[in-house]
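Asks: Same order as they appear, the protein sequences are chains D and A. Counting with my numbering, you get residues 94 to 324 for the letters of the first sequence. Counting with my numbering, you get residues 86 to 233 for the letters of the second sequence. No residue lacks a Cβ here, since even glycine has one placed at the ideal position from N, Cα and C. One structure is given below, represented as structure tokens, and several questions about it will come after.
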Amino acid sequence: MPLPGPLKNLLRGQGRSSASGGGSPPARFRRGDPKVPEIVTTRRSRALEEFFLDIRGQSGLTLLDLGGVSQENVNFITNLGHRLYSENFLQILEETFGPEDTVDHSNPGRIEFFLRQALDYPEAYFDGVLLWDSLEYLAPALLEAVVARVRRIAREKGQMLAFFESDDKLARVPCYTFRILELSSLQLTQHGTRPAVQLFNNRGLEKLFGEFKSVKFFLTRERLREVLVRV
Amino acid sequence: MSSMPSARSDADTRSGMASIGKAVKIVGQIFSKEDLYVDGDLEGTVELLEHKLTVGPNGNIHAGVKAREVVALGTIQGNVEAADRIEIRKDARLVGDIRTARIFIEDGAYFKGSIDIIKPEPRVAVKPQPAAPPPAPAAPPVVAAPPK
Chain D
94 MPLPGPLKNL
104 LRGQGRSSAS
114 GGGSPPARFR
124 RGDPKVPEIV
134 TTRRSRALEE
144 FFLDIRGQSG
154 LTLLDLGGVS
164 QENVNFITNL
174 GHRLYSENFL
184 QILEETFGPE
194 DTVDHSNPGR
204 IEFFLRQALD
214 YPEAYFDGVL
224 LWDSLEYLAP
234 ALLEAVVARV
244 RRIAREKGQM
254 LAFFESDDKL
264 ARVPCYTFRI
274 LELSSLQLTQ
284 HGTRPAVQLF
294 NNRGLEKLFG
304 EFKSVKFFLT
314 RERLREVLVR
324 V
Chain A
86 MSSMPSARSD
96 ADTRSGMASI
106 GKAVKIVGQI
116 FSKEDLYVDG
126 DLEGTVELLE
136 HKLTVGPNGN
146 IHAGVKAREV
156 VALGTIQGNV
166 EAADRIEIRK
176 DARLVGDIRT
186 ARIFIEDGAY
196 FKGSIDIIKP
206 EPRVAVKPQP
216 AAPPPAPAAP
226 PVVAAPPK
């Protein structure tokens, strides 16, 4: 049943996850659908540039890339002299909660299992975390748990980079693989679309990252909202 | 270390190297002084410091690996140290920490772990020493003229 008035578009997608169990869980995205041609674009990213300029002159840092491993990201980060940890966060998400959302994102047991699979690292371990768009796929309970865990495993003064779809009129949003080409240049490979789980506006993101030291927004000409968060 | 030779059709690609076929499982330590192709199951440790380890598409290694070069087409679960390079091919799966001078990852490969690139120490160029000049010829002895 649609919500009335200004809350009409608050929850997008055909289904929505809910702690009270109302409604069906959101449909999972499917990456790599062979019937959907990949769309590759290149764009400038100010948040990415600022993320790496902040650590310029330093080497031997430890960074976490949650977008899965790619030659470009490995080359860029290791050429700067840093150690790179790589996780395929979204693949683990599908393996944990099922490609068809067979398990609700608010299931506490599954959340804990997911965190052990995807983010099982010591506290204060990473100098930087590249979240890319991975947070967009998470329902509220899981999102909160993931953000709390990422905050724990990042070092003080470390940074996190996250992207969010900013166009709230879309029924389905594209999902991407992000490859770093240069300091401020990204290659985005779109692998189809998926229904977003919840609306992210600036206020919502400020609340989401309220426990962090600072949150910086970068608006882009494309539909992505770039967010740089300092621990 | 070598096992029974694998299928003839693979012989060309693996000529000149030891081979562990897909029906073989080994638990223990392997030290090799030649290139090694593993298409079976292996648990323990694998050391080929001067040589290349290839994990075939059916290969499943649960072991720490040290080699000059590692090519993964199958599965490796364990830390991998390769002095020269590591290749992770499209359908390969590597879970563990990597230390190497160079790494190549195909799209579609699965990797979970850390990557440390260790650049080899640059060789110190030894400047050739200039050839020492030949010794000056000895001066002829001076003979005093006899008195008149």
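1) Assuming residue 115 (chain A) contacts residue 132 (chain A) under a Cβ cut-off of 8 Å, what Cβ separation, rounded to an integer in Å, is found between them?
2) Classify residue 292 (chain D) as buried or exposed, calling it buried when 16 or more other Cβ atoms lie within 10 Å of its own Cβ.
3) Within the 8 Å Cβ cut-off, does residue 176 (chain D) reach chain A?
4) Thinking residue 220 (chain D) and residue 251 (chain D) are a contact (beta carbons under 8 Å), I'd like their distance in whole angstroms, please.
5) Can you give the Cα-Cα distance for residue 246 (chain D) and residue 157 (chain D), rounded to whole angstroms?
6) What's the call for residue 152 (chain D), buried or exposed, on a 16-neighbour Cβ count within 10 Å?
7) Could you tell me whether the Cβ of residue 124 (chain D) comes closer than 8 Å to any Cβ of chain A?
8) In chain D, which residues lie less than 8 Å from residue 198 (chain A) when you measure between Cβ atoms?
9) For residue 166 (chain D), which three-state DSSP category applies?
10) What residues of chain A sit near residue 171 (chain D), judged by a beta carbon separation below 9 Å?
11) Hey, quick one: how far does the beta strand (DSSP E) through residue 167 (chain A) stretch, first residue to last?
12) Take the Cβ of residue 181 (chain D) as the centre, count every other Cβ of all protein chains shown within 10 Å, and call the residue buried at 16 or more, exposed below.
13) Establish whether the CB of residue 164 (chain D) and some CB of chain A are separated by less than 8 Å.
14) In chain order, what residues of the same chain have a beta carbon less than 8 Å from the beta carbon of residue 324 (chain D), not counting five sequence neighbours either side?
15) What residue range does the beta strand (DSSP E) around residue 314 (chain D) cover?
16) I'd like to know if residue 167 (chain D) contacts chain A, where contact means its C-beta is closer than 8 Å to some C-beta of that chain.
17) Which same chain residues end up closer than 6 Å to residue 98 (chain D) when comparing Cβ atoms and leaving out the 5 residues on each side of it in sequence?
18) Can a CB atom of chain D be found closer than 8 Å to the CB of residue 195 (chain A)?
19) Grouping DSSP H, G and I as helix and E and B as strand, with all else coil, what is residue 267 (chain D)?
20) Within a Cβ cutoff of 8 Å, which residues of the same chain sit near residue 203 (chain D), ignoring the five residues on either side of it in sequence?
21) CA-CA distance, residue 237 (chain D) and residue 169 (chain D)?
22) DSSP on residue 218 (chain D), reduced to helix/strand/coil?
23) How should residue 165 (chain A) be labelled, buried or exposed, when 16 other C-beta atoms within 10 angstroms of its C-beta is the threshold for buried?
24) Measuring straight from C-alpha to C-alpha, what distance separates residue 172 (chain A) and residue 208 (chain D)?
25) Please report the distance separating the alpha-carbon of residue 273 (chain D) from that of residue 117 (chain A).
26) Figure out for me which residue from A:192, A:198, A:205, A:169 has the closest Cα to the Cα of residue 179 (chain A).
27) Can you give the Cα-Cα distance for residue 319 (chain D) and residue 141 (chain A), rounded to whole angstroms?
28) How many Å lie between residue 95 (chain D) and residue 290 (chain D) at the Cα?
29) Can you tell me where the alpha helix (DSSP H) with residue 184 (chain D) in it begins and where it stops?
Replies: Looking at the atomic coordinates:
1) As a working mapping, residue 115 (chain A) is identified with position 30 in the second sequence. As a working mapping, residue 132 (chain A) is identified with position 47 in the second sequence. Contact flag correct, Cβ pair sits at about 7 Å.
2) As a working mapping, residue 292 (chain D) is identified with position 199 in the first sequence. The residue is exposed, with fewer than 16 neighbouring Cβ atoms inside 10 Å.
3) Taking the first residue of the first sequence as 1, we reach residue 176 (chain D) at position 83. So, interface residue.
4) Residue mapping note: residue 220 (chain D) aligns to position 127 of the first sequence, counting from 1. Residue mapping note: residue 251 (chain D) aligns to position 158 of the first sequence, counting from 1. Indeed, because the Cβ distance is near 5 Å, the residues count as touching under 8 Å.
5) The residue given as residue 246 (chain D) occupies position 153 in the first sequence. The residue given as residue 157 (chain D) occupies position 64 in the first sequence. Spanning the two alpha carbons is a distance of roughly 10 Å.
6) Here residue 152 (chain D) refers to the residue found at position 59 of the first sequence. Residue 152 (chain D) comes out exposed.
7) If you number the first sequence from 1, residue 124 (chain D) lands on position 31. Unreliable placement is indicated for residue 124 (chain D), whose pLDDT of 49 sits below 50; no coordinate value is reported for it.
8) As a first step, residue 198 (chain A) must be located in the second sequence, where it is residue number 113. By Cβ distance, chain D contributes 178, 179.
9) Looking up residue 166 (chain D) in the first sequence gives position 73. DSSP places residue 166 (chain D) in helix when its eight states are reduced to three.
10) Translated into the one-based positions of the first sequence, residue 171 (chain D) becomes position 78. Those are 188, 200, 201, 202, listed as they occur along chain A.
11) Position 82 of the second sequence, counted from the start, is the residue given in the question as residue 167 (chain A). Looking at the DSSP string, the run of the beta strand (DSSP E) that includes residue 167 (chain A) is 165 to 173.
12) Within the first sequence, the letter at position 88 stands for residue 181 (chain D). Counting every other CB atom within 10 Å of its CB across the protein chains shown gives residue 181 (chain D) a total of 16 or more, marking it as buried.
13) Looking up residue 164 (chain D) in the first sequence gives position 71. True, the Cβ-Cβ gap to chain A drops below 8 Å.
14) As a first step, residue 324 (chain D) must be located in the first sequence, where it is residue number 231. 244, 247, 248, 249, 250, 251, 252, 253, 305, 306, listed in sequence order.
15) For the purposes of this step, residue 314 (chain D) is identified with residue 221 of the first sequence, where counting begins at 1. From DSSP, residue 314 (chain D) is part of no beta strand (DSSP E); its letter is neither H nor E.
16) Walking along the first sequence from the start, residue 167 (chain D) turns up at place 74. It does; some Cβ of chain A falls within 8 Å.
17) By one-based count along the first sequence, residue 98 (chain D) stands at place 5. For residue 98 (chain D), the predicted structure reports a pLDDT of 46, less than 50, and the residue's modelled location is therefore unreliable. The matter cannot be settled from this model.
18) For the purposes of this step, residue 195 (chain A) is identified with residue 110 of the second sequence, where counting begins at 1. Yes, its Cβ sits closer than 8 Å to a Cβ of chain D.
19) Here residue 267 (chain D) refers to the residue found at position 174 when the first sequence is read from its first residue. In the structure shown, residue 267 (chain D) sits in a strand (DSSP, three-state: E or B).
20) Residue numbering aside, residue 203 (chain D) sits at position 110 when the first sequence is read from its first letter. Only 189, 190, 196, 197 meet the Cβ criterion.
21) The sequence position of residue 237 (chain D) within the first sequence is 144, counting from 1. The sequence position of residue 169 (chain D) within the first sequence is 76, counting from 1. Roughly 30 Å between the two C-alpha positions.
22) Along the first sequence, one-based indexing puts residue 218 (chain D) at 125. Reduced to three states, the DSSP call for residue 218 (chain D) is coil.
23) For this step, residue 165 (chain A) is matched to residue 80 along the second sequence. With 16 or more other Cβ atoms within 10 Å, it is buried.
24) Translated into positions along the second sequence, residue 172 (chain A) becomes position 87. Translated into positions along the first sequence, residue 208 (chain D) becomes position 115. When rounded, the distance between both Cα atoms is 29 Å.
25) Within the first sequence, numbered from 1, the residue matching residue 273 (chain D) stands at position 180. Within the second sequence, numbered from 1, the residue matching residue 117 (chain A) stands at position 32. The straight-line gap from Cα to Cα measures roughly 38 Å.
26) Position 94 of the second sequence, counting from 1, holds the residue named residue 179 (chain A). Cα-wise, what sits closest to residue 179 (chain A) is A:198.
27) If you number the first sequence from 1, residue 319 (chain D) lands on position 226. If you number the second sequence from 1, residue 141 (chain A) lands on position 56. Those two C-alpha atoms are separated by around 41 Å.
28) Along the first sequence, read from residue 1 onward, the residue named residue 95 (chain D) stands at position 2. Along the first sequence, read from residue 1 onward, the residue named residue 290 (chain D) stands at position 197. Confidence is the limiting factor: at residue 95 (chain D) the pLDDT is only 46, short of 50, which leaves the residue's position unreliable and the question unanswerable from this model.
29) As a first step, residue 184 (chain D) is located in the first sequence; it is residue number 91 there, counting from the start. That run of the alpha helix (DSSP H) goes 182 to 190.
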